[in-house]
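A.B. asks:
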Amino acid sequence: MKRVVVTGMGAVSACGLGADALIAATQAGISGVKPVQFDDLPQQRVSTAARLTLEDVAAIVGPTPHKMRDPVAEYALFAAREAVAQAGLTPEHFGEVCGVSIGSGQGGAKTLNSNYMKFGREGPMRLDPMTVPKIMNNAAAGWVSMEFGAMGPAFCLATACSAGSQSIGLGMQMVALGQVDRCLAGGTEACLVGAGFRIWELLRVMTATQNRPFSKDRNGMTLGEGAGVLVLESLEAAQERGAEILCELSGFGTNADAGDLLRPDPKRAAACMRMALKQAGLSPDRIEYLNAHGTGTVANDISEVMALRDVFGEGLDGLEVSSTKPIHGHGLGAAGALEMIVAIGALQRQSAPPTINFTEVDPKIGLEPVPNQAKPMSISAVMSNSLAFGGINASLVAQRYEDG
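Take a look at the structure:
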């Protein structure tokens, strides 16, 4: 098995454009959550989301929107371009030796929403003829592969909130096995449209006030959008071209609960984390910072902390845990990729980002995450967790790169 390293990162989020903007906001505790109002939702119950600004959307899409690209693909392309530029990749580094693994939970939601609304108002004759290529979940992966001429395997995992993390893990596996020298891996989502927002309201998992993961008074999640892409390379390929190595991606675990569609199973989440630790060759006490799935719903936070106690035991008291979703929102298919970038940022900056809006320890949980302000500390290994609807779990481990 080859060692896998990260040489580039790119992001689009409510915190701004770029991985640095995302990392800086999560470290400073500055939320990208904003008021949101949908014209086609006159009785909107939830009025906030971690949405991109109109200026950032315009910078991504340009003055003339592409006729065959939904924002979900545009976000992925923007993040991929940034990651490729940071990695210093040039055309000879793509071709058959480069794969793509870009997950998305919902695909082209804006295109689908606008066409359904238009169908209802105007009938079937004036719909966008490019709707199918714009709404398909793998559109983002396809456009990224075409943009750079990446001719290796191209995947799109549509595993809800674990799509970004699983996609990075799949890219890691391809590189580690020698199937490709490098992979552009991550997740993307552009889900903030009226109909999509309403069905999340109906599920009654969103907060109408503030997202407060792990707090006693937590009452739901906040939706977000964006994209995160990593350049993963074999250590040999990165060294051969003299690339700067940001960190080593050393562990990946994924499994299924095979139980309830919506309610997570703590034992299976714990097994997933152990898989990632085993591949990384680390004992639980070697993880200094963990970016939790931490949605802020009553059920998720209890289950996740039960899983953490199962894996880390008494050592959980010495592990710094945070959920950064109150800052960048729950990006669904992009969430795991955004949060892995945040975790790598913690490794780079030697600082655990905070769980903002935290008020009080819930005695049912007994966990105080990093509360409201970042915590400078020594960090050599980090973990990021994703626990998705469908009972799909994914955990990633990154370490400070050490030669030898």
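Under numbering that gives the first Met the number 0, the residues of the sequence shown are numbered 0 to 403, in order.
All C-beta atoms, glycine included, are put in the ideal place defined by N, C-alpha and C.
From which residue to which residue does the alpha helix (DSSP H) around Tyr-115 run?
C.D. replies: It spans 108 to 121 - the alpha helix (DSSP H) in which Tyr-115 sits, taken as one unbroken run.
A.B. asks: Given a cut-off of 8 angstroms on the beta-carbon distance, is the pair Ala-175 and Met-0 in contact?
C.D. replies: Yes.
A.B. asks: If you draw a straight line from the C-alpha of Ser-385 to the C-alpha of Arg-44, how long is it?
C.D. replies: Distance between the alpha carbons of Ser-385 and Arg-44: 27 angstroms.
A.B. asks: Report the option in Ala-108, Gly-328, Met-67 and Ile-378 whose CA atom is closest to the CA atom of Ile-198.
C.D. replies: It is Ala-108 whose Cα lies nearest to the Cα of Ile-198.
A.B. asks: Taking buried to mean at least 16 other C-beta atoms within 10 Å of its own C-beta, is Gly-258 buried or exposed?
C.D. replies: Counting Cβ neighbours within 10 Å, Gly-258 comes out exposed, since fewer than 16 surround it.
A.B. asks: What is the DSSP secondary structure of Ile-391, reduced to helix, strand or coil?
C.D. replies: Here Ile-391 sits in strand by DSSP.
A.B. asks: Does the beta-carbon distance from Gly-302 to Gly-335 come in below 8 angstroms?
C.D. replies: First, the amino acid is wrong: residue 302 is Ser here, not Gly. Contact flag unset, no.
A.B. asks: Comparing alpha-carbon positions, which option in Ile-343, Met-376 and Val-3 lies nearest Leu-169?
C.D. replies: Checking every option, the nearest Cα to that of Leu-169 belongs to Val-3.
A.B. asks: Count the CB pairs spanning the region 246 to 260 and the region 291 to 300 that are closer than 8 angstroms, and state whether there are at least three.
C.D. replies: No, they do not touch.
A.B. asks: I want to know whether the region 224 to 235 touches the region 318 to 326 - three or more CB-CB distances under 8 angstroms.
C.D. replies: Verdict: no, contact absent.
A.B. asks: Give me the residue from Gly-250, Ala-49, Arg-217 and Pro-34 with the minimum Cα distance to Val-11.
C.D. replies: Nearest option by C-alpha distance: Ala-49.
A.B. asks: So, for Gly-193: in the same chain, excluding its five sequence neighbours on each side, which residues have a beta-carbon less than 6 angstroms away from its beta-carbon?
C.D. replies: If we look at Gly-193 and ignore the five residues flanking it on each side, its Cβ neighbours are Phe-37, Asp-39 and Leu-40.
A.B. asks: Asn-136 bridges to which residues according to DSSP?
C.D. replies: According to DSSP, which records beta bridges pairwise, Asn-136 is partnered with nothing at all.
A.B. asks: Which two residues bound the contiguous beta strand (DSSP E) that contains Glu-188?
C.D. replies: From DSSP, the beta strand (DSSP E) with Glu-188 extends over 181 to 188.
A.B. asks: Taking the CB atoms as reference points, tell me whether Phe-93 and Ala-149 lie closer together than 8 angstroms.
C.D. replies: For Phe-93 and Ala-149, yes; Cβs fall inside 8 angstroms.
A.B. asks: Please name the residue in Ala-268, Ala-333, Ser-46 and Ala-58 whose C-alpha comes closest to that of Phe-196.
C.D. replies: Here the closest residue by C-alpha is Ser-46.
A.B. asks: Does DSSP classify Glu-235 as helix, strand or coil?
C.D. replies: The answer is helix: DSSP assigns Glu-235 an H, G or I state.
A.B. asks: Taking 8 angstroms as the cut-off, does the region 93 to 106 touch the region 125 to 144 (at least 3 CB pairs, one atom from each stretch)?
C.D. replies: These segments touch.
A.B. asks: Whole-angstrom Cβ separation of Phe-357 and Ser-214, contact assumed at under 8 angstroms?
C.D. replies: Correct: roughly 5 angstroms between the Cβ atoms.
A.B. asks: For a quick check, are the C-beta atoms of Phe-118 and Leu-126 less than 8 angstroms apart?
C.D. replies: Yes; because the gap between Cβ atoms is below 8 angstroms, this pair is in contact.
A.B. asks: If Val-99 and Val-71 are in contact, beta carbons under 8 angstroms, what's the gap, nearest whole angstrom?
C.D. replies: Not quite, the Cβ-Cβ distance comes to about 15 angstroms (not below 8 angstroms), so this is no contact.
A.B. asks: Could you check how far apart the C-beta atoms of Arg-80 and Gly-9 are, in whole angstroms? I think they sit under 8 angstroms.
C.D. replies: Indeed, because the Cβ distance is near 7 angstroms, the residues count as touching under 8 angstroms.
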